[in-house]
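Peer 1:
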């Protein structure tokens with residue numbers, strides 16, 4: 061989206077007196093400062109700037125034409141449709157970023173956020189394949205016009221690349237998924253879903269209501285304070301999974 065960065069920087073330099081851009085520029089300057097002059101990627105994954113750009117695309121087009129600036133990309137239906145897709149998909153990426161950056165989380169909490177995001181990507185991909193745009197609101201508005209058509213193959217491929225990137229980045233989490241589930245709630249987990257060496261102790265643990273209350277009161281300290289009869293569980297290095 062180098063074109064978007066270039067256009068926004070041009071607006072910042074030349075559009076201060078245009079009423080329709082004032083709130084847009086205030087938001088950009090307040091959230092990003094001068095970062096737009098130096099990076100074309102990082103800011104796109106933050107805030108609502110790209111969405112605002114999409115919403116103001118007609119006004120931006122008129123402004124560029126008035127200034128004699130090249131505005132051909134805003135005449136290109138393919139480029140605009142890809143912009144709409146980026147706005148919609150970045151919404152979901154922003155959501156997972158916010159969740160993963162939350163404070164006072166166990167790593168299992170992060171793992172569940174990741175799994176949820178992977179499921180959402182799978183659903184989004186299926187919906188694109190079926191021309192179902194409920195979860196792509198900007199695409200939906202755009203493609204309600206007969207002038208635009210859905211680049212289904214390209215968008216499905218983009219989601220596939222995102223899925224693969226996510227899978228590669230968090231593959232280490234997958235190796236510990238059994239422990240994450242156990243740490244999240246040892247009283248609800250299916251015995252068959254945990255390491256074999258811990259299964260007998262989990263069976264002994266789960267019926268004990270007093271221990272269940274203790275877990276609810278202090279999940280972070282729970283395993284370290286288990287009785288000697290549950291020594292395998294208490295000796296597990298669960299603290300490595302706590303942020």
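Residue numbers (my numbering): 61 to 303.
Built from N, CA and C at the ideal position, the CB exists for glycine as well.
This structure is a prediction, so every number in the text was calculated from the model and none was measured.
Determine the burial state of residue 64: buried for a count of at least 16 other Cβ atoms within 10 Å of its Cβ, exposed for fewer.
Peer 2: Around the beta carbon of residue 64, 16 or more other beta carbons sit within 10 angstroms, so the residue counts as buried.
Peer 1: Got a sec? Which residues, its chain only, sit under 7 Å from residue 160 by beta carbon, not counting five neighbours each side?
Peer 2: 170, 173
Peer 1: Near residue 158, which residues of its chain fall below 6 Å by C-beta distance, leaving aside the five closest residues on each side in sequence?
Peer 2: none
Peer 1: Grouping DSSP H, G and I as helix and E and B as strand, with all else coil, what is residue 95?
Peer 2: Since pLDDT at residue 95 reaches only 40, below the 50 mark, its modelled position is unreliable, and no value is offered.
Peer 1: Where does residue 242 sit, in a helix, a strand or coil, going by DSSP?
Peer 2: helix
Peer 1: Are residue 196 and residue 188 closer than 9 Å when you measure CB to CB?
Peer 2: The Cβ atoms of residue 196 and residue 188 sit closer than 9 Å to each other.
Peer 1: Would DSSP call residue 280 helix, strand or coil?
Peer 2: coil
Peer 1: Which word fits residue 221, buried or exposed, when buried means at least 16 other C-beta atoms lie within 10 angstroms of its C-beta?
Peer 2: exposed
Peer 1: Please classify residue 253 as buried or exposed, where buried requires at least 16 neighbouring CB atoms within 10 angstroms.
Peer 2: exposed
Peer 1: Might you give, ordered along the chain, the residues of its own chain that have their beta carbon closer than 7 Å to the beta carbon of residue 184, omitting 5 neighbours on each side?
Peer 2: 195, 219
Peer 1: Would you mind working out which of 115, 119, 130 sits nearest residue 141, comparing C-alpha positions?
Peer 2: Measuring C-alpha to C-alpha distances from residue 141 to each of 115, 119, 130 identifies 115 as the nearest.
Peer 1: Over the uninterrupted alpha helix (DSSP H) stretch that includes residue 216, give me the two end residues.
Peer 2: First-last of the alpha helix (DSSP H) with residue 216: 212-229.
Peer 1: Hey, out of 280, 110, 249, whose CA is closest to residue 147's CA?
Peer 2: 110
Peer 1: Thinking just about the alpha-carbon of each residue, which of 72, 128, 121, 143 is nearest to the one in residue 135?
Peer 2: Looking at the Cα atoms, 121 is the closest of the given residues.
Peer 1: Under 7 Å Cβ to Cβ from residue 284, same chain only, skipping five residues before and after it: list those, please.
Peer 2: Closer than 7 Å at Cβ, skipping near neighbours: 294.
Peer 1: If contacts are defined as beta-carbon pairs under 8 Å, then residue 211 and residue 138 qualify, I think. What distance do you get, rounded to the angstrom?
Peer 2: 7 Å
Peer 1: From this set, 273, 248, 275, which residue's C-alpha is nearest residue 263's C-alpha?
Peer 2: Closest by alpha carbon: 248.
Peer 1: Counting C-beta neighbours from all protein chains within 10 Å, is the total for residue 309 16 or more, i.e. buried, or is it exposed?
Peer 2: Residue 309 is absent from the structure shown; the chain starts at 61 and stops at 303.
Peer 1: Tell me whether residue 198 is buried or exposed, calling it buried when 16 or more other Cβ atoms sit within 10 Å of its Cβ.
Peer 2: buried
Peer 1: Quick one: what does DSSP say residue 193 is sitting in, helix, strand or coil?
Peer 2: coil
Peer 1: Please name the residue or residues paired with residue 160 in a DSSP beta bridge.
Peer 2: Paired residue(s): none; residue 160 is not in a bridge.
Peer 1: Between residue 240 and residue 233, is the Cβ-Cβ spacing less than 9 Å?
Peer 2: yes
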